[in-house]
Each structure stands twice: as C-alpha cells, then as structure tokens.
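Note that the protein sequences, when read in sequence, are chains A, B and C. Note that the working numbering numbers the first sequence so that position 174 is 174, with each residue one more than the last. Take any residue in the second sequence, count from 1 to its spot, add 278: that is its number in the working numbering. Take any residue in the third sequence, count from 1 to its spot, add 531: that is its number in the working numbering. Idealized CB from N, CA, C, for every residue including glycine.
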Amino acid sequence: MRLSPKKAQIIAKTVIWAVAVVIILLLIFIMAYILAKGLPTLSWQFLSEVPRDMGRSGGILSTIVSTLLVTAVAVVVATPFGVGTAFFLTEYTREGRVTRIIRFCAGALAAIPSIVYGLFGFIFFVVYLKLGWSVISGGLTLAVMILPTIIRTSEDAIRAVHPMYRDVSYSLGGTKWQTIVGAVAPSALPGIITGVILGIGRCVAETAAVILTAGSALRMPTSLFSPARTMAVHFYILAREGISMERAYGTAALLIIVILIINVAANILLEKFVAKSR
Amino acid sequence: MDNRAKISIKNLNFFYNDHQAIKDVSLDIKYNEIYAIFGPANSGTTTILKAINRMCDLIPGTRSEGEILLDGRDIRSPDFNITELRRRVGIVFEEPVPLPMSIFDNIAYGPRMSGIKNKAVLAERVEKSLRMAVLWDEVKDKLHSPALRLSGGQQQRLCIARILALEPEVIMLDRPCAALDPISTFQIEESLKLLKERFTIIIVPHNIQQAARVADRAGFMLMGTLVEEGDTDRMFVNPREQKTSDYITGRFG
Amino acid sequence: MNNLKEKLIGNGFFLIALSTLSVLALITVFILIEGVPIIAKVGLFNFIFGMKWAPSQGSFGIFPMIVGSVSVTAGAAILGVPTAICCSIFLTEFAPPAVSKIVRPAIQLLAGIPSVVYGFWGLTFIVPFIRNYLGGPGLSVLAGSVILAIMILPTIVSISEVSILALPRQYKEGSLALGATHWQTVRSVLLPAAKSGITTSVILGMGRAIGETMAVIMVLGNAVALPKSILDPARTLTTNIGIEMGYASGEHQQALFATGIVLLAIIMLLNSAAQIIVQRRKD
C-alpha cells in the first residue's frame, strides 16, 4: 500500500515534531534533575568554604578558584593567538595554500579529543617543561584546546563585517593597521567576544584534559604553579568514587548554572551582532 | 577659473587580470571644476576613479599602464605615499556607508588616522566639514548618536563631509545619488556647486541629466575608451561624435 | 617608515597564525615520541589486534578497546544521526520562527553541558533503566551509545542545518511549484542537495563520539573484554587512557600514549574525510 503524499507529509511532520519535542524535554529533564538535586546544597556556605575531608564536608571554594584560574590562563593565552590567526586569515593573506594549511590545522585541532589534549599537556607541560600538575599546565593545555573555537568564531565575525567599511577606511587615508583597528575590529568585536565566551564555557566544562594536567589536589591554589582541582574534576571524583552525592550534585548544579549563563550571554551577544551587521 | 590641470591622465590602460577595462584614455581635469565622467554600466567610469586614488590596489589582479599626474607628479610611482594620496583625493561611494559609530566619530575618522588627536581641532574640523556639506543644522544636536540612524540622503552628505574633513584637494563621487530620492539629490548637487569654489570635483553621475546639471566639463566613456570630452554646455547640445549623440538621446546603452 | 611598520605587523600576524601549525606539530610529535617505542616493541599488529591488555604482565593488546570504541560510536550514530537530521529539518523547515528561535540555542546548550554531567546522569538514569528492563549489568555499550547520541546531536544539527539553509531558495520553490508537498520537497530535493554537508556533519559527530571520555567512563563498565552484545560492558580507547593514566608509569604509560596514537589516527582519518568532502563541495 502506498501512502498518499498528503498522508506521508502528515506522518513525517508528526515524527519530526515529536523528535524535536523529545529532545527539548530531554534537555529540560537533564538540567532540571541536576538542579533539583543540587540546588538545596547550593548555599553561600557551600560556595565560600574550602572542602574538608576529601570533599565529604565543607564547600567547594578551592575548586571554584581553581576553575577561575585555569580558565583565565587559557583565555589570556588563547585569545591573542586565536584572534590574531583569524585576522591573518581574513585580512593579511589571500585564499591559497597558506590559508588552506592553517585552516586544516585549526580543523584538526578542533577534532582532537580532549583526552589526547590531556596526554599532550601531561607529557609536554607537566613533564617536559617541568611545570608539574599545576594551574599553568592545565591552563595552557586548555588554551590549545579552545584555540580553534576562538579562531573559527572570530573569523566568521570578521568576515561578516560590511566589506565597504574597509574601502571607506582606506579611502579616508587609513593604513591597513588603522583600518583593522578602527573600522574592522570594532564591528567584529561582539562576534569575537562570543567566541571567547564559548571558549570559557569549554574550559569550565572540561574534565579529561584538566585532570591529567592540573591534577586533582583539593588544596587552595596559591600560585600559577600550584596543583588545582576544577569544579568539573571535583564533581567527577565525588560522583565516581561515591564520596558525597549531595556535594556532587551541588557542584554539578553550579556547573550547569554557569554554563547556562555563558550560553545565554553568548547567544544574546551573537543576536545583537547579527542584528547590527544587517 | 584656473586653467592648469589638477589631474592629468595620459594614455591610461587598466586591466583586471586579462580584461582591459580602460583603453588608452587621456584627459585633463582642471582646478576648481566639476568634471563628469559618464557612460553606460561597465564602461570604465568607476575604474578611472579607483585608479586615481589607487583604491584599485586593493583588488587582486589589477594593473595599469600610462600616467596619472596629480599636480604634475605621477601617483603610480612607487614612492608616492598612498595614504597621503587618498587624503588628498577623497572618494564618495555609490552606497552611503557610514561606519558603525557616531556622526562625530565618522567625520573625525580620517583626521584621526592622520594623527590629529587634539579634541578642539577635531571638533572644529567636524563642524566645518558638516557645514560645508550642508548637514550641520540637521545633526548639530545629535553628533554623538549613531550615524546609521540618519536617512539615506543625510548619510550620503555625511560621507561627503567625511571626505571634506580630510581637507582634500580633489573630491571624487561615484554615482553619489544613485540610491537617493530627488530631494536629497538636489541638496547634494547644490552643495557640490558650492564646494567647487574650493575643491576640484570629479563625478560619475548616475544619469546624463545629472552630468548636464552639475558639470562644467564632461567625458563620455564607452567600453573603456574615451569617446568625447568637452564643455557640458556644448557636448549635450551639440555632440561631435555619433556615439555620444546616440547615448545622450537615449538611442542605446 | 610607515611601510616598514605595516610589514612588521603583517609578519607578526603570520607568526601568530603559525601557532596552529606548530601546536599541532608539537602534539603529534610528543605523543608519537611517547607512544611509538612500545608499539615498536610489541609490534604494530600485536598491539592493534592483541586481545589481552594486562599491563602488569607486559601484554598490551588494544583490540577489545577498538571494538568498544567502534561499537559505542556505531550505536551513537544509529540512535543519534536520524534524531539529529530530524532536528535540523525541524529547525529549517517545519518549526515556526518563534519556536526555532528557542530550540536552536537549546540544542546548542546540549553541547555546553559538561560531559561528566552527562555521564553522571546516564549512571543514575540510563544504567538502572537498562539493568531493570533489558537485563545485564546496565553499565553497557547501549548506555554509552545513548549518552553519546545525545552528545553528538549539537554537532550534527548545527552543521547540517547550515548546509540545508545554504541551498538556493529556488530548489524549494521550484519543487513546491511543481505540486510537491512540503515533505516531498524536503525528502527528494533538499536532503539530497544537502547530502555532502549532512555527511560531513555525521562524520564530525562520530569523531566527537569516538573521542569522548568522561561521559563514557561512567556508564560503560570499563571491562577489558570483547562485548558480546549491546548489553555487555566494554572499554573504549579513550576510557582506557582516562582510567589508567592516573597511576600508570613506564611501559604502561607508554602504552596509553600508544592508545592515544591509534585514537589520533582514527580522528585524523575521519577529519580528513570530512574536509575532503567540504573541499569537493566548494570546487
């Protein structure tokens, strides 16, 4: 029996709608579940106290600080390289073999699994450069990991800049550098910031690469060379070793909230950017 | 009127890769005149403007032969400072493109690029330029609001003011009114007539009537060659060439 | 003077852009240096097809892990790809703009959720569900596949959505004008036309699945044995590294780097395939 086109359309539409609805419900369910279990634990005390007894009691302050430090190192290092590469690809060279090679490398970096970044960071930063399990090792590893994200979003943002802006700036006697700083960069800025924010999100969420490079010591980091345990790693250890489910959920809830804020911020910025460039 | 040539183009050939866009064009543009270069689409009019201030350098695969003299110096020579050239010869594009910043910053953009940082000097430049472009009265109370909020005609006058702030010697306009309504067009043409007292103006008009209305002299281009040039008054009444006559009477193109 | 400055700036940007190349080279070199000796010692064939992984006895065979990675990824693709394509059709064709404006960022949010959270959620939901209703220990290939299917969704959706949106509007209008229904147009015009983009997205999605570690560690059971059914536990290449890096040393550690080499090779193969498809579409 063959379906009439009309019936086929109704069935297809129903299936597609159903799938979309299920996915959204799933997302809501995952987030709501973690939040429901974790929010009761989230208190000022939980956030402001250092963990005690391997995380069985106390708060998670040292892991929050560690996350901030590791992420800050990653962003500070990766942003100039990522944005610079994007400007090179768009402004300083014509499409050709060089751009193809650089894009291939960026694509390859984006595809490398985080555990492999962990291996690399461990052998290169921790062992070879003798930085040890530390904030700096973790941060540099993450910097390499988020580099392609920043390159891609920055490149898209720069390409979206009205092409006439460049002509206008040149026609007003601007040099190439002045044109980039004065006319191109300001227009591309929201897009570039979006890329950086997404990079921050990846850093906060990352576990595999960090656990091998920053270590998992629970003490409060005192310098860039101290070992550190980020929130994601802390959550993993608490949950996997069954140390404290209550605190695991609390940490996860905080992670989810941070990720949610980061995503919403990135979206709002991007939307503004798209609206402006039209 | 000063009869010397401000810009003198001699045997100019221009190529986009293999395509020759300008074929052996020679013409003089005098001090303080409005010179119109007109012709059908793709006849090389815009290319001449882009060659004169070397905006064409930005397009890959272009090259030129011949001479373009600005006050007797060839702007094509490698030691001619290109940013200085673009400050001396400003260009207004067909589509008004305010940069995404305030009105003030748009006008001050060029002077700032040339190294002027003093706020008072900048403010004075901005006001002077806006007055010359006959835009001052309309925007003086909102200098720091985004330039993109202006109407199309105001945006184009802003672009003219932006050029004037460079204190240029030559102003080139590429179909400046193609996207504008008749009233805005009229305002711009009126201001051009005032501006020629102080500047040399080259315009690629978007139609023949505009050439006739504003230009002192004009050149008619067809498929990259200069068919005829001369005083507009004479040319539009009594063209020498059959092709010119056909074009201005609307028989082809 | 000015020209010199501009030249210096240009060269500076070039050097910065070389960072991607140098970092990629560093990663490859360092992982090779650490991993190749043990492969040379054990033999490539024995390393890849060896069935026994017992670091304390000096046997390093990763075949069970390769099977684990492939089966979990295949499972994720079977579950995830149709779902993701449905979502991208939904977003591009059937959803009202207001709805897709909410659904699109929501799906991208899935990409932001930490993988450990997925793993944990899988452990508390999927695993008991499988244990209670389907049998086995629950920690299984199936559980890993389900989690990964959700995790690769954003990758596949965003890339295939872009490739559907990039189609000329005439394709759709032409088909509708010929009296085809909307669904017929999607099925027989839009999807075939966007095929290369969708294929790319699926390949990249599988790359993500095969490279995922933390989520899989928590739900897979991690037994070093060939899984006989989808309800059996398994261990992937990534989890092998993730679990044992913490305490490995000497040859054992080298063998984990060697596992990384195999993983990297698979990823590069997938990535090159995706890039070739993209390149072909451009030409």
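Within a Cβ cutoff of 7 Å, which residues of the same chain sit near C:ILE695, ignoring the five residues on either side of it in sequence?
Counting only Cβ-Cβ distances below 7 Å, and skipping sequence neighbours, we find SER619, THR623, LEU721 and ALA725.
What residues of chain C sit near A:PHE235, judged by a beta carbon separation below 7 Å?
Ordered by position in chain C, the residues that pass the 7 Å Cβ test against A:PHE235 are VAL647.
To the nearest angstrom, how far is it from the Cα of C:VAL658 to the Cα of C:SER671?
Between C:VAL658 and C:SER671, the C-alpha separation is close to 8 Å.
Cα separation between C:GLY599 and C:VAL809?
Approximately 29 Å, taken between the alpha carbons.
Reducing DSSP to helix, strand and coil, say where A:ARG278 ends up.
Its pLDDT being 47, under 50, A:ARG278 is placed unreliably in this model, and the coordinates cannot settle the point.
Take every Cβ of the segment 621-639 of chain C, pair it with every Cβ of the segment 13-21 of chain A, and state whether three or more of those distances are shorter than 8 Å.
Counting Cβ pairs under 8 Å, three or more are found: they touch.
Which residues share a DSSP beta bridge with C:GLY752?
BP columns for C:GLY752 point to C:ALA765.
Pull the bridge partners of B:ASP306 from the DSSP assignment, please.
Answer is B:SER286, bridged to B:ASP306.
To the nearest angstrom, how far is the alpha carbon of C:SER719 from that of C:ALA608?
Going from the Cα of C:SER719 to the Cα of C:ALA608 covers about 22 Å.
Any C-beta of chain A sitting closer than 9 Å to the C-beta of C:GLU537?
Interface residue, yes.
In whole angstroms, what separates the C-alpha of A:ALA78 from that of C:LYS703?
C-alpha separation (whole angstroms): 42 Å.
Using a Cβ-Cβ cut-off of 7 Å (strictly less than) and excluding sequence neighbours within five positions of A:VAL258, which residues of its own chain qualify?
Answer for A:VAL258: VAL204, listed in chain order.
Interface residues of chain C around A:PHE104 at Cβ under 7 Å?
Chain C residues near A:PHE104: GLN806.
Note down the Cα distance separating B:LYS328 from B:LEU426, rounded to an integer number of angstroms.
Each residue's Cα considered, the two are about 25 Å apart.
Please report the straight-line C-alpha distance between C:HIS783 and C:PRO586, rounded to a whole angstrom.
Between C:HIS783 and C:PRO586, the C-alpha separation is close to 6 Å.
Counting only Cβ pairs nearer than 7 Å, list the residues of chain C close to A:THR85.
ILE547, ALA548, SER550 and THR551, listed in chain order.
Answer with buried or exposed for B:SER429, where buried requires no fewer than 16 other C-beta atoms within 10 angstroms of its C-beta.
By the neighbour-count rule (16 or more Cβ atoms within 10 Å), B:SER429 is not buried but exposed.
For B:ASP357, report the span of its beta strand (DSSP E) as first-last.
That residue, B:ASP357, is in no beta strand (DSSP E); it is neither H nor E in DSSP.
Please identify, using Cβ separations under 7 Å, the residues of the segment 702-727 of chain C that lie next to chain A, in order along the chain.
Against chain A - using a Cβ distance shorter than 7 Å - the residues of the segment 702-727 of chain C are THR712, HIS713, TRP714 and GLN715.
Under 9 Å, do C:GLY650 and C:ALA804 count as touching if we go by C-beta distance?
No, Cβ-Cβ distance for C:GLY650 and C:ALA804 is not below 9 Å.
Please classify A:TRP133: does DSSP put it in a helix, a strand, or coil?
Coil.
Counting only the same chain and skipping the five closest in sequence on each side, list residues whose C-beta sits under 7 Å from that of A:VAL70.
So the qualifying residues of the chain are VAL135, GLY138, GLY139, LEU142, CYS203, VAL210, ALA214, ALA228 and THR230.
Is it the case that the Cβ atoms of B:ILE307 and B:ILE287 are separated by a distance below 9 Å?
The answer is yes: Cβ separation under 9 Å.
Could you tell me the distance, in whole angstroms, from the CA atom of A:ARG159 to the CA atom of A:ILE151?
Spanning the two alpha carbons is a distance of roughly 12 Å.
List the residues of chain A whose Cβ lies closer than 7 Å to the Cβ of C:LEU794, in chain order.
The contacting residues are PRO113 and VAL116.
Buried or exposed: where does B:GLN432 fall if 16 or more other Cβ atoms within 10 Å of its Cβ makes it buried?
The residue in question, B:GLN432, is buried, as its Cβ has 16 or more Cβ neighbours within 10 Å.
To the nearest angstrom, report how far apart C:THR604 and C:THR767 are at their CA atoms.
Cα to Cα, the separation comes out at about 10 Å.
Tell me the rounded alpha-carbon separation between A:GLU155 and A:ARG100.
So the alpha carbons of these two residues sit roughly 14 Å apart.
Per DSSP, B:GLY508 forms a beta bridge with which residues?
B:ALA496.
For the candidate residues A:LEU27, A:PRO163 and A:ALA110, whose alpha-carbon lies nearest to that of A:ALA188?
Nearest of A:LEU27, A:PRO163 and A:ALA110 to A:ALA188, Cα basis: A:PRO163.
Can you tell me where the alpha helix (DSSP H) with A:VAL19 in it begins and where it stops?
Looking at the DSSP string, the run of the alpha helix (DSSP H) that includes A:VAL19 is 5-38.
Can you give me the C-alpha to C-alpha distance between C:ILE761 and C:LEU673, rounded to a whole angstrom?
Straight-line Cα distance between these residues: approximately 5 Å.
Among all the DSSP beta bridges, which residues are the ones paired with B:HIS544?
Outside the displayed range of chain B (279 to 531) lies residue 544 of chain B, so it cannot be described from this structure.
Any beta-carbon of chain B closer than 9 Å to the one on A:GLY173?
Answer yes: the Cβ-Cβ gap between A:GLY173 and chain B drops below 9 Å somewhere.
Identify the continuous alpha helix (DSSP H) that holds B:ASP383 and give its terminal residues.
Run containing B:ASP383: 381-391, per the alpha helix (DSSP H) assignment.
Counting only C-beta atoms, is C:PHE580 closer than 9 Å to chain A at any point?
No, C:PHE580 does not count as interfacial toward chain A.
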